[in-house]
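Read the structure below first, then the notes.
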Amino acid sequence: MTNHRIALVPGDGIGPEVLPPARQVLDAVGRRHGITFHYTSYDDWSCERHRREGAMMPEDGLDRLRDRDAILLGAVGHPDVPDHVSLWGLLIPIRRGFRQYVNLRPVRVFEGVDSPVRGARAGEVDLVVVRENTEGEYSRAGGRLHRGLPGEKAVQEAVFTRAGVTRVLDYAFGLAAARGGRVTSATKSNGLVHTMPFWDELVAERAAAHPGVPWEKEHIDALAAKFVLEPARYDVVVASNLFGDILSDLAAAVAGSIGIAPAANLNPERAFPSMFEPVHGSAPDIAGRGIANPLGAIGAAALMLDHLGHPAAAKDVTDAVAAVLATSDVRTPDLGGSATTGQFTEKLLTLL
Ligand code: NAD
Ligand code: IPM
Ligand code: MN
Numbered sequence: 017m018t019n020h021r022i023a024l025v026p027g028d029g030i031g032p033e034v035l036p037p038a039r040q041v042l043d044a045v046g047r048r049h050g051i052t053f054h055y056t057s058y059d060d061w062s063c064e065r066h067r068r069e070g071a072m073m074p075e076d077g078l079d080r081l082r083d084r085d086a087i088l089l090g091a092v093g094h095p096d097v098p099d100h101v102s103l104w105g106l107l108i109p110i111r112r113g114f115r116q117y118v119n120l121r122p123v124r125v126f127e128g129v130d131s132p133v134r135g136a137r138a139g140e141v142d143l144v145v146v147r148e149n150t151e152g153e154y155s156r157a158g159g160r161l162h163r164g165l166p167g168e169k170a171v172q173e174a175v176f177t178r179a180g181v182t183r184v185l186d187y188a189f190g191l192a193a194a195r196g197g198r199v200t201s202a203t204k205s206n207g208l209v210h211t212m213p214f215w216d217e218l219v220a221e222r223a224a225a226h227p228g229v230p231w232e233k234e235h236i237d238a239l240a241a242k243f244v245l246e247p248a249r250y251d252v253v254v255a256s257n258l259f260g261d262i263l264s265d266l267a268a269a270v271a272g273s274i275g276i277a278p279a280a281n282l283n284p285e286r287a288f289p290s291m292f293e294p295v296h297g298s299a300p301d302i303a304g305r306g307i308a309n310p311l312g313a314i315g316a317a318a319l320m321l322d323h324l325g326h327p328a329a330a331k332d333v334t335d336a337v338a339a340v341l342a343t344s345d346v347r348t349p350d351l352g353g354s355a356t357t358g359q360f361t362e363k364l365l366t367l368l
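Going by the working numbering, the sequence shown opens with residue 17, and the numbers climb by one from there.
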């Protein structure tokens, strides 16, 4: 019997609606594979707490998570708290504090799911966005809001370090090698004159260090268009923090719904716990109605199983997801069905 200590951070909106299904799936698959989970749930780390106490989590929040084997997070964000305050108060400090510099966002088109995109056929689209997760366009340092002058302006600094870019590129090239695939690097070196030419230079350098892996670069605007027109072309797509963020929602939509995409925030060195979460947010527009698609969170649980050394259990979960979509029409409204989160999860559990 293997036991894992898992931190649950449900967060806001549909976060607390999609984590219980993920946990039910983990417990079910765990029973089959001799894995047990010891959960500690941080239910009040949320915007609600921010309104009450002025902070999303306690000051020693990261210390409380530090000795866990992994973190499973729902979503963060509520209309009552400015998004940059809530996200920089909980999600982003975990990613950065625990050096989770790889954000792995796999997307595949499942049989039985209607994609809004003609060329997105099941079995053909199977790509992974490798998103740089701790620097790039997301930074607090350097930039400033200059208020009150006639020349009122905001300056946002993007930080690309050689070490930070190199390590995520090496991860992407390593992943492509393991998949027998290739790397596409998202760039914008025609418009951004400092950061992206540097990014491209490092990509060429790391490509040379992985001579067996084919690679190409594409400008992010054209790449976004091709994600829609020819999604099956792509395998491993490596991108900066912001570009990767946008591409992963786009890829999820191409595969049918933002609600189905999972993410793994990885600290590949395993010096700190990694965090697993759906790609989507707290979806305040549907929160409280019990209709959120739990597949993003369930897929995140599968990524977590893989990371914890249980690839067979992870595969059981993705196989069950594929089977429920292929063999039944039980699905949540975002995928054109009328099932609730609970009904869909129950159906999935019958296949585990
Ligand atoms: P969102 O992903 O929450 O929602 C976008 C759209 O997709 C909405 O119409 C929503 O109903 C739908 N959707 C999302 N997840 C779904 C699911 N599981 N099932 C069915 N439909 C789903 O993005 P947003 O509206 O830009 O952001 C809402 C809040 O979430 C904001 O506060 C934002 O900052 C936050 N956010 C948090 C995270 C995170 O915690 N990782 C990620 C993205 C956005
Ligand atoms: C995501 C989200 C976050 C991000 C936001 C909410 C800060 O969109 O996890 O994709 O941009 O990283
Ligand atoms: Mn996003």
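Just so you know, even glycine gets a beta-carbon here, dropped at the ideal spot from N, CA and C.
To the nearest angstrom, how far is the alpha carbon of residue i from that of residue j?
{"i": "residue 318", "j": "residue 88", "result": "11 Å"}
{"i": "residue 31", "j": "residue 308", "result": "9 Å"}
{"i": "residue 238", "j": "residue 204", "result": "10 Å"}
{"i": "residue 233", "j": "residue 157", "result": "29 Å"}
{"i": "residue 326", "j": "residue 19", "result": "12 Å"}
{"i": "residue 244", "j": "residue 128", "result": "19 Å"}
{"i": "residue 248", "j": "residue 192", "result": "15 Å"}
{"i": "residue 218", "j": "residue 57", "result": "40 Å"}
{"i": "residue 73", "j": "residue 98", "result": "16 Å"}
{"i": "residue 166", "j": "residue 160", "result": "16 Å"}
{"i": "residue 315", "j": "residue 81", "result": "22 Å"}
{"i": "residue 299", "j": "residue 147", "result": "22 Å"}
{"i": "residue 225", "j": "residue 198", "result": "14 Å"}
{"i": "residue 354", "j": "residue 21", "result": "35 Å"}
{"i": "residue 84", "j": "residue 107", "result": "16 Å"}
{"i": "residue 135", "j": "residue 366", "result": "32 Å"}
{"i": "residue 70", "j": "residue 267", "result": "35 Å"}
{"i": "residue 15", "j": "residue 221", "result": "The question about residue 15 has no answer, for the chain in this structure spans 17 to 368."}
{"i": "residue 33", "j": "residue 292", "result": "16 Å"}
{"i": "residue 139", "j": "residue 271", "result": "11 Å"}
{"i": "residue 52", "j": "residue 41", "result": "12 Å"}
{"i": "residue 116", "j": "residue 342", "result": "34 Å"}
{"i": "residue 17", "j": "residue 339", "result": "27 Å"}
{"i": "residue 100", "j": "residue 109", "result": "12 Å"}
{"i": "residue 214", "j": "residue 231", "result": "17 Å"}
{"i": "residue 123", "j": "residue 337", "result": "13 Å"}
Would you please verify whether the beta carbon of residue i is less than 8 Å from any beta carbon of chain B?
{"i": "residue 115", "result": "Absent from the structure: chain B. Only one protein chain is present."}
Please return the same chain residues whose Cβ sits closer than 7 Å to the Cβ of residue i, not counting the five positions on each side in sequence.
{"i": "residue 284", "result": "118, 187"}
{"i": "residue 235", "result": "203, 204, 206"}
{"i": "residue 374", "result": "Since the displayed the chain opens at 17 and closes at 368, residue 374 lies outside it and no answer follows."}
{"i": "residue 35", "result": "24, 26, 88, 90, 313"}
{"i": "residue 310", "result": "34, 37, 38, 357, 360, 361"}
{"i": "residue 302", "result": "30, 308"}
{"i": "residue 265", "result": "274, 295"}
{"i": "residue 351", "result": "129, 272, 273, 309"}
{"i": "residue 142", "result": "124"}
Give me the DSSP bridge partner(s) of residue i.
{"i": "residue 199", "result": "231, 252"}
{"i": "residue 169", "result": "162"}
{"i": "residue 280", "result": "120, 292"}
{"i": "residue 142", "result": "124"}
{"i": "residue 148", "result": "118"}
{"i": "residue 286", "result": "Paired residues: none, contrary to the question."}
{"i": "residue 24", "result": "57, 88"}
{"i": "residue 211", "result": "Answer is none; residue 211 lacks a bridge partner."}
{"i": "residue 51", "result": "18"}
{"i": "residue 175", "result": "152"}
Near residue i, what residues of its chain come up, given a Cβ to Cβ distance below 6 Å and the 5 sequence neighbours on each side ignored?
{"i": "residue 169", "result": "162"}
{"i": "residue 212", "result": "203, 204, 205"}
{"i": "residue 260", "result": "145, 147"}
{"i": "residue 349", "result": "307"}
{"i": "residue 320", "result": "86, 292"}
Given 7 Å as the limit, tell me if residue i has its C-beta closer than that to any heavy atom belonging to the ligand ADP.
{"i": "residue 273", "result": "This structure lacks the ligand ADP; its bound ligands are the ligand NAD, the ligand IPM and the ligand MN."}
Leaving aside the five residues before and after residue i along the sequence, list all residues of the same chain whose C-beta is less than 8 Å from its C-beta, in chain order.
{"i": "residue 65", "result": "71, 72, 73"}
{"i": "residue 48", "result": "329, 332, 368"}
{"i": "residue 323", "result": "86, 280, 282, 290, 292"}
{"i": "residue 150", "result": "111, 112, 115, 116, 117, 180, 257"}
{"i": "residue 288", "result": "82, 113, 114, 115, 116"}
{"i": "residue 177", "result": "151"}
{"i": "residue 363", "result": "340, 344, 346, 355"}
{"i": "residue 14", "result": "Because the chain spans 17 through 368 in this model, residue 14 falls outside it and cannot be assessed."}
(message) Run the Cβ filter for me: residues under 5 Å from any heavy atom of the ligand IPM, listed in the order they occur in the chain.
(response) 103, 261
(message) What ranges does the beta strand (DSSP E) occupy inside the segment 78-117, keeping only unbroken runs of at least 3 residues that lie completely in it?
(response) 86-91
(request) Go through the segment 283-358 residue by residue and report every complete run of the beta strand (DSSP E) that reaches 3 residues or more, in order. (result) 290-294
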